[in-house]
Amino acid sequence: YNVEYAPFKDENNEIRGLVLVMKDVTKQQKLENMRREFVANVSHELKTPLTSIKSYTETLLDGMLEDRAISEQFLKVINNESDRMTRLVRDLLQLSNFDNNKIKLNMTRNDLVKLIKQTVMKLDITANNKKQRLKFSPNCEELFAYFDFDRIEQVLLNIVTNAIKYTEDSGEISIDIQTQENEALITVKDTGMGIPEEDLLRIFERFYRVDKARSRELGGTGLGLSIAKEIIDAHNGSIEIFSKVNEGTEVKIRIPIEERTV
Ligand code: ADP
């Protein structure tokens, strides 16, 4: 508790009592801890690619440049690591814009079925490379709702990319859409490695990953799900994850269909 006090005086300026203000700072303390953890995470995430870029560059400058094959291999690593840093900074900026309420949604009436088809087309090659089946056979031809097309596309790309990334070769990813009351419900289901129960509670936290090394190896920033949640929340929708280890994961996204001012 944080305690402040001030004397309480009467008209003759005599002290008649004390006003005590006790503030519960557990919440404040928690926020402060979260902020610190976040800064530590950001520093670490930026340092890892930088260290690797620096050491590969140094080795090249130390004479490895003579070897063309090795040079090429090293430059590829440097290039990949720079790309990852770019993604990380881009994601951080987006989250910071959400934090500062700087994100304005461009709400238009649009077809969710069309959007999913477009997403499936964009990711088909990635899934094919892993011999996975990416299924989308909607019951309806179209489903119109008010949403920010680019941002919801970003969410879907992220969720389906995760499904592909965390599912072994020849697995199956199926997407479904339906109307439920006055919401559109999009389901993305995979037959992948799943998420342990104890991690599910924290999975939307920034930088939270089940397996850090694996996520990095797959090029992830650990920010995708937290951004997805910010975007869906801004639409007054909801996003939930259900999962069973070694069986698969199911992501449910709900978006209001009717026009409203968000
Ligand atoms: P990342 O960049 O690490 O993929 P995300 O925020 O998108 O970051 O996801 C956070 C973590 O959630 C991932 O590192 C992974 O451990 C877990 N995860 C997300 N989607 C799935 C999925 N479909 N199957 C299994 N694990 C998943």
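Heads up: the sequence shown begins at 336 in full-length UniProt numbering, then just goes up one per residue.
From the three backbone atoms N, C-alpha and C, an ideal C-beta is built for every residue, glycine too.
Given the structure is predicted, the values throughout are model-derived calculations rather than measurements.
- Residue burial annotation: Gln-408 is exposed, with fewer than 16 other C-beta atoms found within 10 angstroms of its C-beta.
- A distance below 7 Å separates the beta carbons of Gly-506 and Gln-467.
- With contact defined as three or more Cβ pairs closer than 8 Å, the segment 559-567 and the segment 537-548 are in contact.
- Per DSSP, the unbroken beta strand (DSSP E) holding Thr-584 starts and ends at 583-591.
- Here Asp-426 is not near Thr-584, since their CB atoms are 7 Å or more apart.
- Our two residues, Lys-547 and Val-356, have alpha carbons roughly 44 Å apart in a direct line.
- Considered as a whole, the segment 347-395 harbours no complete run of any alpha helix (DSSP H) with no fewer than 4 residues.
- Counting the other CB atoms within 10 Å of its CB gives His-379 a total below 16, which places it among the exposed residues.
- For secondary structure counted as the beta strand (DSSP E) over 3 or more consecutive residues, the segment 522-581 holds these complete runs in sequence order: 573-579.
- Shown here for Ile-350: same chain residues with a beta carbon closer than 8 Å to its own, the five before and five after excluded, namely Pro-342, Phe-343 and Lys-344 in chain order.
- Counting the other Cβ atoms within 10 Å of the Cβ of Ala-375 gives fewer than 16, which makes it exposed.
- Boundaries of the alpha helix (DSSP H) harbouring Leu-423: 403-434, taken from the DSSP string.
- For Leu-560, the CB falls within less than 6 Å of some heavy atom of the ligand ADP.
- For a cut-off of 8 Å, the C-beta gap from Ile-508 to Ala-498 is around 5 Å, short enough to register as a contact.
- When beta bridges are read from the DSSP output, Lys-437 appears opposite no residue.
- Taking each of Thr-421, Ile-451 and Asn-474 in turn and checking the Cα distance to Asp-485, the smallest one comes out for Ile-451.
- The C-beta of Asp-525 has 16 or more other C-beta atoms within 10 Å across all chains shown, which makes the residue buried.
- The continuous stretches of beta strand (DSSP E) do not include Leu-400, and DSSP gives it neither H nor E.
- C-alpha of Val-586 to C-alpha of Leu-536: approximately 14 Å in a straight line.
- Using a 10 angstroms sphere on the CB of Phe-479, the tally of other CB atoms stays under 16, which defines it as exposed.
- Among the bridge pairs identified by DSSP, Tyr-481 is matched with Arg-444.
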